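Report on one structure; see the data block that follows.
There are 2 protein chains.
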Amino acid sequence: MNAGMTEPGEAVRDPESVSKFVESFAAQLVEAGMQRMPARVFAALLSSDSGALTSAELGEQLQVSPAAVSGAVRYLAQQHMVSREREPGSRRERYRVHSNQWYEAVTNRDAVLRRWEHTLREGVDSLGARTPAGRRLAETLAFFEFLEAELAAMMERWRVHREELFGEL
Amino acid sequence: MNAGMTEPGEAVRDPESVSKFVESFAAQLVEAGMQRMPARVFAALLSSDSGALTSAELGEQLQVSPAAVSGAVRYLAQQHMVSREREPGSRRERYRVHSNQWYEAVTNRDAVLRRWEHTLREGVDSLGARTPAGRRLAETLAFFEFLEAELAAMMERWRVHREELFGEL
DNA sequence: CCTTAACTTCACAAGTTTGTGAAAGTACCG
DNA sequence: CGGTACTTTCACAAACTTGTGAAGTTAAGG
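Going down the list, the protein sequences come from chains X and F.
So the first sequence is numbered by my numbering: it starts at 646 and just counts up by one.
So the second sequence is numbered by my numbering: it starts at 646 and just counts up by one.
Okay, structure coming up:
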């Protein structure tokens, strides 16, 4: 650890090791199903001090075209993982990650869960609720319903725990 | 609902509506990041009455080659979402889904979570724990650590709840 | 209003993924 | 041990994805 050999306490931002982190983190997001470019953009935002970068900054840091940044940001905004803000007095836009908002977005996937449940319900219907397969699906459905409730409660607990650790928003 | 127009209670397995379910469910697994073929194979297994199918049965139902089935099953077995069993007295293999085992496999992703945490810890190190970015990562890390503990506890509660709903294993 | 900085859209080329047929490998069974 | 019934591996073609440059659009500022 502390491979940069800097004295602890110093806030020297070594671009190379930052980039290394960005790429590792992005790789894990990709592994978890996110597309490559949104993952890289998101990781870059997450590890910026201001929490917000312009399109040009992102393009330079990641060595990609404005078009790529544009597409990635559109996706991230749709997923509520970043928000866009216009810099006043400039035609430049900045993309911001609200540190906690992003994992809230990932866990608050009510709509997604609801669709899974809907599909499963249809499955139980077409297989017949009393067939072995129907029962198997019904159990899966019950699990998802349970999950949905638990996730909400868990995020509530997290907010409390978070405040203990880091204080007010 | 009950689009098949069969009297309730009847266990008529309409191959077409089953296939429709298989494809919808598979599509959702794909959306969640699983590869296409493993998703289809898994959905087919999940909606089979026996909970187990041979390679030939899967190939026929899904209209794919034995090679495709082989690859898909290898992946699913690695993820512990199906298990393989040799039929005694035959050289045929069957692939089985243990109704509850599969979502246990999906939620028991300790190793995966651990790797995220490791990456985040490195990130905090290279950004500096007292920088804004470092603090942001530290919060994300704390969230993952919290998640890890919560997930385990949640699955414990689910097992109890499940037993209430469906009885013993 | 015109200029211009910045973002977005689009057609396409490069790269990657996916499923196939054919050949090779395994292991039951006589 | 040889035959055969499966399964797996492999090289490749088709289909899809991804990022680019260039043209198009928007709106800030003169």
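From the three backbone atoms N, C-alpha and C, an ideal C-beta is built for every residue, glycine too.
What you are looking at is a predicted structure, and each value in this text was computed from that prediction instead of being measured.
Supposed contact pair residue j and residue i - C-beta distance, whole angstroms, cut 8 Å
i, j, result
"Ser692 of chain X", "Val663 of chain X", "6 Å"
"Phe811 of chain X", "Gly768 of chain F", "Wrong, their Cβ atoms sit about 17 Å apart, outside the cutoff."
"Gln673 of chain F", "Arg760 of chain X", "7 Å"
"Gly637 of chain X", "Gly678 of chain F", "This structure cannot speak to residue 637 of chain X, because chain X is shown only from 646 to 814."
"Arg729 of chain X", "Ala722 of chain X", "6 Å"
"Val742 of chain F", "Val727 of chain F", "5 Å"
"Ala671 of chain F", "Ala688 of chain F", "4 Å"
Beta-carbon proximity check, residue i vs residue j, cutoff 8 Å
i, j, result
"Leu765 of chain F", "Thr785 of chain F", "yes"
"Leu707 of chain X", "Val675 of chain X", "no"
"Leu690 of chain X", "Tyr748 of chain X", "no"
"Ala697 of chain F", "His725 of chain F", "no"
"Glu795 of chain X", "Met799 of chain F", "yes"
"Ser771 of chain X", "Asp770 of chain F", "no"
Range of the contiguous alpha helix (DSSP H) that encloses residue i
i, result
"Ala697 of chain F", "Run containing Ala697 of chain F: none in the alpha helix (DSSP H); it sits in the beta strand (DSSP E), Ala697 to Thr699."
"Ser728 of chain F", "Premise fails: Ser728 of chain F lies in the beta strand (DSSP E), Ser728 to Arg731, not in any alpha helix (DSSP H)."
"Gly598 of chain X", "Shown here, chain X extends from 646 to 814; a query on residue 598 of chain X therefore has no answer."
"Val686 of chain F", "Arg681 to Leu691"
"Gln746 of chain F", "Gln746 to Thr752"
"His806 of chain F", "Pro777 to Phe811"
"Gly716 of chain F", "Pro711 to Gln723"
"Ala672 of chain X", "Pro660 to Glu676"
Limits of the unbroken beta strand (DSSP E) element including residue i
i, result
"Glu738 of chain F", "Glu738 to Arg741"
Residues in the region 774-790 of chain X having any Cβ partner in chain F nearer than 9 Å: Ala774, Arg775, Thr776, Pro777, Ala778, Gly779, Arg780, Arg781, Leu782, Ala783, Glu784, Thr785, Ala787, Phe788 and Phe789
Interface residues of the region 677-697 of chain F facing chain X [CB-CB below 8 Å]: Ala677, Gly678, Leu691, Ser692, Ser693, Asp694, Ser695 and Gly696
Inter-stretch contact at 8 Å, needing at least 3 Cβ pairs: the region 670-690 of chain X / the region 711-719 of chain X: yes
Contact list for the region 730-755 of chain F against chain X, Cβ threshold 9 Å: Val742, Ser744, Asn745, Trp747, Tyr748 and Thr752
Proximal residues, the region 702-732 of chain F versus chain X, C-beta separation under 8 Å: none
Residues, ordered as in the chain, of the region 797-809 of chain X that lie near chain F by beta-carbon distance below 8 Å: Met799, Arg802, Trp803, His806 and Arg807
Segment contact, 8 Å Cβ cut-off, at least three pairs: the region 793-803 of chain F with the region 774-781 of chain F: no
Residues of the region 762-774 of chain F whose Cβ lies closer than 7 Å to any Cβ of chain X, in chain order: Thr764, Glu767, Gly768, Asp770, Ser771, Leu772 and Gly773
Contact residues within the region 657-670 of chain F, judged by C-beta distance below 8 Å to chain X: Val657, Arg658, Asp659, Ser662, Val663, Lys665, Phe666, Ser669 and Phe670
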